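Accompanying notes for the structure given below.
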Amino acid sequence: MSQRLARILDETRKYHQDAQDARSFVPGVTEIWPSGAVLDEEDRVALVEAALNMRIAAGTVSRRFERAFARRLGLRKAHLTNSGSSANLLALSALTSPQLGDRRLRPGDEVITVAAGFPTTVNPILQNGLVPVFVDVDLRTYNTTPERVAAAIGPRTRAVMMAHTLGNPYAAAEIAEIADEHGLLFVEDNCDAVDSTYDGRLTGTFGDLATVSFYPAHHLTMGEGGCVLTSNLALARIVESMRDWGRDCWCEPGESDTCRKRFGYRLGTLPAGYDHKYIFSHVGYNLKSTDLQAALGLSQLGKLDMFSAARRRNWRRLREGLDGVPWLVLPEATPRSDPSWFGFVLTVDPGAPFGQADLVDFLEARHIGTRRLFSGNLTRHPAYVGREHRVSGELANSDVITHHTFWVGVYPGLTDEMIDYIVASITEFVGTHR
Ligand SMILES: Cc1ncc(COP(=O)(O)O)c(C=O)c1O
1263 MSQRLARILD ETRKYHQDAQ DARSFVPGVT EIWPSGAVLD EEDRVALVEA ALNMRIAAGT
1323 VSRRFERAFA RRLGLRKAHL TNSGSSANLL ALSALTSPQL GDRRLRPGDE VITVAAGFPT
1383 TVNPILQNGL VPVFVDVDLR TYNTTPERVA AAIGPRTRAV MMAHTLGNPY AAAEIAEIAD
1443 EHGLLFVEDN CDAVDSTYDG RLTGTFGDLA TVSFYPAHHL TMGEGGCVLT SNLALARIVE
1503 SMRDWGRDCW CEPGESDTCR KRFGYRLGTL PAGYDHKYIF SHVGYNLKST DLQAALGLSQ
1563 LGKLDMFSAA RRRNWRRLRE GLDGVPWLVL PEATPRSDPS WFGFVLTVDP GAPFGQADLV
1623 DFLEARHIGT RRLFSGNLTR HPAYVGREHR VSGELANSDV ITHHTFWVGV YPGLTDEMID
1683 YIVASITEFV GTHR
């Protein structure tokens, strides 16, 4: 490293220390965010170093992150994308590839999913001309069950795609088994659950494909970013092709002829020898991210264990603090799971002498940030009314969530004092509404 670079990075560390907010927590005044990035000195240094390297597109740092992240999750391949939503679009689109033969998803095929979640888990189903089949979730875990998934399977059902809700795993082993028995493809939206386990195994390792988000609210951040992971090398090739414009060639930008056949292919109805760099085997996208993002991701990845421990600790402190408070349905981890939580979700008992909105207003007035369980029942949103779908069973709990559920934060930036203030505020509010 040049002396000048060392000096700049040293100054960056000093800048970081100067930029720290030294103000202490003031209950009712300090903002308690429900989620956010936790960025330290090394993250700032990583970003500055990446900027000085001027690696402004995807390149070696992205590949390094992909290898490290795949290794961390125990999977063979990771492909970075520009968001978690793009990762979901890419994962499901990959399953429509003609290269999958009879297994490929075709327009009109059904994909089982849940109604109470994040919209971009469902959108790729519609965007690919497929039909979502909505199943309900349980209150307390906010996940669906293998029984509901099995009951939803019909003659056109070909896949399952759903998220581990707010970090809480669903029974992924059983759902993978059902998928296997019925020849269904299985995508785990792991955007909110990196480092969670089910049956001692990391979520994201049960399905054919898994997706991750690196938006600041998530377990690791790159600002914006996402990832598709798999151990299936044929699927990985399809994912890469569809992410990179649909091209058939796998050379990195700036590389040529790694296959030593650049001018030796005859594909489609193209003339023999057409430049492989410009042969397209999929109707693809460009969903790539940049090395600047990957540099931050690498720096964040080293802190994953610490982040997960903080998320678990904060969740437990809230759970213990609120135990026994009347009118609240408290969350529970799915049996045999160890969630790396995304949030602490609460449902106000529909029979309570106050409503969810009253409690949320009270907390927000104290600068305690709250969020909805994303869409609630997605089928009620204007974008989805009139769109082709099927509902298996009823969406009664999804409707309860729409009316009565919200969550507060557990992210690693929260202190014990903040958590205790959340507990005290909720307890105080409920105490005045007996
Ligand atoms: C379960 C789930 N899937 C997908 C996404 C989309 O991720 P992104 O915001 O990176 O597009 C989110 C966003 O929070 C999410 O919670």
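In the working numbering, the protein residues as written are 1263 to 1696.
Note that CB positions come from ideal geometry on N, CA and C, so glycine has one too.
If you're wondering where the values come from, they're calculated on a predicted model, not measured in any experiment.
| Query | Result |
| --- | --- |
| May I ask you to list the residues that DSSP assigns as paired with I1294? | I1630 |
| Indicate, with yes or no, if ligand 1 has a heavy atom lying under 7 Å from the CB of D1623. | no |
| Hey, out of G1391, Q1282, V1397 and R1334, whose CA is closest to N1639's CA? | V1397 |
| Name the DSSP beta bridge partners of E1372, please? | V1393 and T1419 |
| Measuring from the CB of D1457, is there a heavy atom of ligand 1 at a distance below 7 Å? | no |
| I'd like the span of the beta strand (DSSP E) that includes A1433, first residue to last. | Run containing A1433: none; DSSP gives neither H nor E here. |
| Please say whether L1497 and A1356 have beta carbons closer to each other than 8 Å? | yes |
| Does A1413 pass the burial test, meaning 16 or more other C-beta atoms within 10 Å, or should it be called exposed? | exposed |
| Which term fits W1512, buried or exposed, when burial requires 16 or more other beta carbons within 10 angstroms of its beta carbon? | exposed |
| Express the C-alpha separation of N1390 and R1366 in angstroms, rounding to a whole number. | 12 Å |
| Since I believe V1587 is in contact with W1669 (beta carbons under 8 Å), could you give me their beta-carbon distance rounded to a whole number of angstroms? | The pair is not a contact, with the Cβ atoms about 16 Å apart (cut-off 8 Å). |
| What's the call for R1573, buried or exposed, on a 16-neighbour Cβ count within 10 Å? | buried |
| Within the same chain, show all residues whose beta-carbon is closer than 6 Å to that of T1667, passing over the 5 residues directly before and after it, in chain order. | T1609 and L1635 |
| In this structure, how does DSSP classify N1548 when only helix, strand and coil are distinguished? | strand |
| Should F1287 go down as buried or exposed, given a rule of 16 or more other Cβ atoms within 10 Å for buried? | exposed |
| Report yes if the C-beta distance between A1433 and L1657 is below 8 Å; otherwise report no. | no |
| By Cβ distance below 6 Å, which residues in the same chain neighbour I1684 in space, the five residues on each side in sequence not counted? | I1630 and V1670 |
| Measuring from the CB of N1639, is there a heavy atom of ligand 1 at a distance below 7 Å? | no |
| Take the Cβ of E1582 as the centre, count every other Cβ of all protein chains shown within 10 Å, and call the residue buried at 16 or more, exposed below. | exposed |
| Excluding sequence positions up to five away, which residues of its chain have a Cβ less than 8 Å from the Cβ of D1553? | A1312, N1315, R1317, I1318, A1319, A1320, G1321, T1322, V1323 and S1324 |
| Where does the unbroken beta strand (DSSP E) through W1669 begin, and where does it stop? | T1667 to V1670 |
| Taking buried to mean at least 16 other C-beta atoms within 10 Å of its own C-beta, is A1455 buried or exposed? | buried |
| By Cβ distance below 7 Å, which residues in the same chain neighbour M1680 in space, the five residues on each side in sequence not counted? | F1287 and I1294 |
| In chain order, what residues of the same chain have a beta carbon less than 7 Å from the beta carbon of A1438, not counting five sequence neighbours either side? | F1448, F1468 and G1469 |
| Counting Cβ pairs closer than 8 Å, one from the segment 1585-1601 and one from the segment 1339-1353, do we hit at least three? | no |
| Is the closest heavy atom of ligand 1 to the C-beta of F1380 under 7 Å? | yes |
| Distance, Cα to Cα, T1427 vs R1579? | 20 Å |
| Excluding the 5 residues flanking A1556 on each side, which residues of the same chain have their C-beta closer than 6 Å to its C-beta? | V1323, S1324 and F1327 |
| Do you know how far the Cα of T1531 is from the Cα of D1567? | 51 Å |
| Ligand 1 and N1405: does the residue's C-beta get closer than 7 Å to at least one heavy atom of that ligand? | no |
| What residue range does the beta strand (DSSP E) around F1448 cover? | L1447 to D1451 |
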